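From first to last, the protein sequence lines are chains A and B. Quick note: the first sequence, position 103, residue 103 per the UniProt record's numbering, numbers continuous. Quick note: the second sequence, position 57, residue 57 per the UniProt record's numbering, numbers continuous. Don't be surprised by glycine CBs; every beta carbon is placed ideally from N, CA and C. Fair warning: this is a prediction, and the values are worked out from it, not measured in the lab.
2 protein chains.
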Amino acid sequence: MADRPYHHGELRTALLDTAEALIRERGVDGWSLREVSVRVGVSPSAAYHHFASRDALVQALSRRVLARLGERLGDEVERAGGDGVEGVVAFGRGYVRWALEDPAVARHWLAYNAGGGDRTAPHPHRVLAAALDRLVETGGLPAEARPGADFVVWAAVHGLAALLVDGLVHLDTPEAVYAQAERVVRATLIGLSRQAPPPQGWPTPRSAYTERAVDPRR
Amino acid sequence: MADRPYHHGELRTALLDTAEALIRERGVDGWSLREVSVRVGVSPSAAYHHFASRDALVQALSRRVLARLGERLGDEVERAGGDGVEGVVAFGRGYVRWALEDPAVARHWLAYNAGGGDRTAPHPHRVLAAALDRLVETGGLPAEARPGADFVVWAAVHGLAALLVDGLVHLDTPEAVYAQAERVVRATLIGLSRQAPPPQGWPTPRSAYTERAVDPRR
DNA sequence: CATCAATCTGAACGCCGTTAAGATCGAGGC
DNA sequence: GCCTCGATCTTAACGGCGTTCAGATTGATG
Numbered sequence: 001m002a003d004r005p006y007h008h009g010e011l012r013t014a015l016l017d018t019a020e021a022l023i024r025e026r027g028v029d030g031w032s033l034r035e036v037s038v039r040v041g042v043s044p045s046a047a048y049h050h051f052a053s054r055d056a057l058v059q060a061l062s063r064r065v066l067a068r069l070g071e072r073l074g075d076e077v078e079r080a081g082g083d084g085v086e087g088v089v090a091f092g093r094g095y096v097r098w099a100l101e102d103p104a105v106a107r108h109w110l111a112y113n114a115g116g117g118d119r120t121a122p123h124p125h126r127v128l129a130a131a132l133d134r135l136v137e138t139g140g141l142p143a144e145a146r147p148g149a150d151f152v153v154w155a156a157v158h159g160l161a162a163l164l165v166d167g168l169v170h171l172d173t174p175e176a177v178y179a180q181a182e183r184v185v186r187a188t189l190i191g192l193s194r195q196a197p198p199p200q201g202w203p204t205p206r207s208a209y210t211e212r213a214v215d216p217r218r
Numbered sequence: 001m002a003d004r005p006y007h008h009g010e011l012r013t014a015l016l017d018t019a020e021a022l023i024r025e026r027g028v029d030g031w032s033l034r035e036v037s038v039r040v041g042v043s044p045s046a047a048y049h050h051f052a053s054r055d056a057l058v059q060a061l062s063r064r065v066l067a068r069l070g071e072r073l074g075d076e077v078e079r080a081g082g083d084g085v086e087g088v089v090a091f092g093r094g095y096v097r098w099a100l101e102d103p104a105v106a107r108h109w110l111a112y113n114a115g116g117g118d119r120t121a122p123h124p125h126r127v128l129a130a131a132l133d134r135l136v137e138t139g140g141l142p143a144e145a146r147p148g149a150d151f152v153v154w155a156a157v158h159g160l161a162a163l164l165v166d167g168l169v170h171l172d173t174p175e176a177v178y179a180q181a182e183r184v185v186r187a188t189l190i191g192l193s194r195q196a197p198p199p200q201g202w203p204t205p206r207s208a209y210t211e212r213a214v215d216p217r218r
C-alpha cells in the first residue's frame, strides 16, 4: 500500500495466483475478491481494470487451470510412448492424478469450468482424441469404433476424477487410485473394441472446445 | 406477512421447495436465503430455526435431490426387468436423463453433493451395485469381475452426466444422449467381462454412502 | 386458564461485489 | 525536458448478503 509502487505491473497475474492460492488454502469458495486484493496489496476496485467481475476472474482461472491440465496430459501421453493403449492409459492416470494432487483447484475447475480453453494449450479432450487416433493407426482400436469413442473414454475418466474429488468415492492410497483409473480406461477400450460399432449416421457428441475469440477482460 | 399466520407450520419444507424453484429459474447460485424467505413470506431469520446456516439448507436440498434420484433409478431398473444387462443400461439412461431433464438442480447436486443421502431412499450407487449383483447371478458378468465393477460403471455414467450438465459435451437430441449413455454402459460392461479380473487383494473403492446419524438441522 | 418451549419478527453487524470520481503514473510527441 | 493522455490505481459509497440477538406471538401441555 505504501512501499509498493502505485502501478503494480502484473496485477492480472497476481490476482489469479492469489485467488488460486486461497482456493488451495480454504477451498473453492473460501475467498473473496476483497481478500485477494488485500493480499496482493491493492484496493478492491483495482481488480476491475483487469476483470469485468468476480465471475470473470473465476472463469479466467478456470481457463488457466484447464490449459495447464491439457499441457500436462499431452506431456504424459507423449512420455508413455503415445501410440498404443499405454498412451490412453497415461491420459486417464494423469487426469486422475491431477485431481488427486490438487483437489481444491480441480474442484474449482469441475464447478466453474469454462467451456473454451486457452487456445495456446491443447484441451484435454483434444489430447485424448489424438491419442485415440494414433491407437486406431497402430491397430489398437478398430476404425469403426473410433467415432465418438473419445467421449466414452473421457466420460469414464472425468467421472472417476469427479467422484474422487467430491469425496463420493474413496481409495486409501494414490496407487489404488491410479490402478482404478487404469482399470477404467482399459475396460472402456476393450469394450469399445468388442462392442458392435455405432451405425452410420450415429449422432456424434460435440466438445465445447470450439475455437472462438475470447475477450481477455471476460 | 399480514395474511399469513404467525407460525408457518411447514417452513422447513417450504424453504427447500422455494430454493429448488429458484435454482430452476435462475441457476445454481441465482438465489439468496433472504430471497427465499421473502418468497415464502417469512423474515430472513426465520430460516435459522430450521437450518443452522445457508450451507445447511444447501446440503439438505442436495440430500433430498439425491434421495429422489435413487428412488427413481430404482424404479427404472425394476421396470427394465432388472436382472440382466438391461437393468444396468436402464440405470445409466435414467441417470443421464435426470441430468438432462432438470439440469439446474442436477448441477446443484454435482456442485454441492452431500456424501450421505437420506436413509429412507437408496443411494444411486446402491441401486447400481444391486443391479450388478443380479447381473452376476444371471451369468451376465463373471463373478471375478464383480469386485469394484460398480465404481467403473458409476464413474462412466456419472462422468457423462457431468460433462453434459456442465455443457462440456453437447448432443442435439435427447435420443442421442440416451444412445450415448447406452453405449457407455454397454462398452463398460463388455470391457469388464473381457478384461483380466483384478488380482486378489485389489483395493476396492469405498462409497461415501455410509450409514451415519444425520442432524436434521445440519 | 397458566405455563412454556417452539416459532417467528425487527433491527442490527460486518462483509461482500460493484460503481463513480478523482489521484498517480509511464510513454510518446513536441 | 516538458506536456499531454490514457492506463492504472485509490477512496468512498451503495445496496444486498449471511448471521445474530432480544423480544413478540403462538399452540400444546397440564
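Taking the alpha carbon of Val-85(A) as the point to measure from, which residue in Val-96(A), Leu-189(A) and Ala-19(A) has its own alpha carbon closest? Looking up residue 85(A) in the first sequence gives position 85. That would be Leu-189(A), whose Cα lies nearest to the Cα of Val-85(A).
Within the 8 Å Cβ cut-off, does Ser-32(B) reach chain A? The count along the second sequence starts at 1 and reaches residue 32(B) at position 32. Ser-32(B) does not count as touching chain A.
Residues that DSSP places opposite Arg-206(A) in a beta bridge: Residue numbering aside, residue 206(A) sits at position 206 when the first sequence is read from its first letter. BP columns for Arg-206(A) point to His-170(B).
Reference Tyr-112(B), options Tyr-48(B), Arg-63(B), Val-42(B) and Ala-52(B), closest by Cα: Within the second sequence, numbered from 1, the residue matching residue 112(B) stands at position 112. Checked all of Tyr-48(B), Arg-63(B), Val-42(B) and Ala-52(B); the closest Cα to Tyr-112(B) is Arg-63(B).
Taking the alpha carbon of Glu-182(A) as the point to measure from, which residue in Val-38(A), Asp-17(A), Gly-87(A) and Gly-74(A) has its own alpha carbon closest? One-based indexing of the first sequence puts residue 182(A) at position 182. Considering only alpha carbons, the answer is Gly-87(A).
In this structure, how does DSSP classify Gln-195(B) when only helix, strand and coil are distinguished? Residue 195(B) sits at position 195 when you count from the first residue of the second sequence. In the structure shown, Gln-195(B) sits in coil (DSSP, three-state: anything other than H, G, I, E or B).
Taking the continuous alpha helix (DSSP H) assigned at Phe-91(A), which residues delimit it? Residue 91(A) sits at position 91 when you count from the first residue of the first sequence. That run of the alpha helix (DSSP H) goes 85–101.
Interface flag, Gln-180(A) vs chain B, CB-CB below 8 Å: Taking the first residue of the first sequence as position 1, residue 180(A) is located at position 180. Yes, because at least one Cβ of chain B sits closer than 8 Å to the Cβ of Gln-180(A).
If Val-105(A) sits next to Arg-12(A), beta carbons under 8 Å apart, how far is it from one beta carbon to the other, in whole angstroms? In the first sequence, residue 105(A) corresponds to position 105, counting from 1. In the first sequence, residue 12(A) corresponds to position 12, counting from 1. At roughly 18 Å, the Cβ-Cβ gap does not stay under 8 Å, so Val-105(A) and Arg-12(A) are not in contact.
With burial defined as no fewer than 16 other Cβ atoms inside 10 Å of the residue's Cβ, what is the status of Gly-94(A): buried or exposed? Here residue 94(A) refers to the residue found at position 94 of the first sequence. Buried, by the Cβ-count rule.
Between the C-alpha atoms of Gly-191(A) and Val-153(A), what's the straight-line distance to the nearest angstrom? For the purposes of this step, residue 191(A) is taken as residue 191 along the first sequence, with counting starting at 1. For the purposes of this step, residue 153(A) is taken as residue 153 along the first sequence, with counting starting at 1. Distance between the alpha carbons of Gly-191(A) and Val-153(A): 10 Å.
Could you check the C-alpha separation between Trp-202(B) and Leu-164(B) for me, to the nearest Å? For this step, residue 202(B) is matched to residue 202 along the second sequence. For this step, residue 164(B) is matched to residue 164 along the second sequence. Computed Cα separation, rounded: 32 Å.
Measure from the alpha carbon of Asp-150(B) to the alpha carbon of each residue in Glu-101(B), Ala-161(B), Arg-134(B) and Thr-138(B), then state which is nearest. What you label residue 150(B) is simply residue 150 of the second sequence in a count that begins at 1. With distances taken between Cα atoms, Asp-150(B) lies closest to Arg-134(B).
Under 8 Å, do Trp-98(A) and Leu-69(A) count as touching if we go by C-beta distance? Locating residue 98(A) in the first sequence gives position 98, counting from the first residue. Locating residue 69(A) in the first sequence gives position 69, counting from the first residue. Yes. Within cutoff.
Residues of the region 132–155 of chain A in Cβ contact with chain B at a cutoff of 8 Å, in chain order, please. Gly-148, Phe-151, Val-152, Trp-154 and Ala-155
Interface residues of chain A around Arg-172(B) at Cβ under 7 Å? Counting from one through the second sequence, the residue named residue 172(B) turns up at place 172. First, the residue type needs correcting, since residue 172(B) is Asp and not Arg in the sequence shown. Residues of chain A passing the Cβ test: Pro-203.
Pop quiz: Ala-14(A) and Val-40(A) are said to be a contact at Cβ under 8 Å. What is the actual Cβ separation, rounded to whole angstroms? Translated into positions along the first sequence, residue 14(A) becomes position 14. Translated into positions along the first sequence, residue 40(A) becomes position 40. So it is a contact: roughly 5 Å between Cβ atoms.
Proximal residues of chain A, C-beta to C-beta of Ile-23(B) below 8 Å: In the second sequence, the residue the question calls residue 23(B) occupies position 23. By Cβ distance, chain A contributes nothing, its closest Cβ being about 15 Å from Ile-23(B), past 8 Å.
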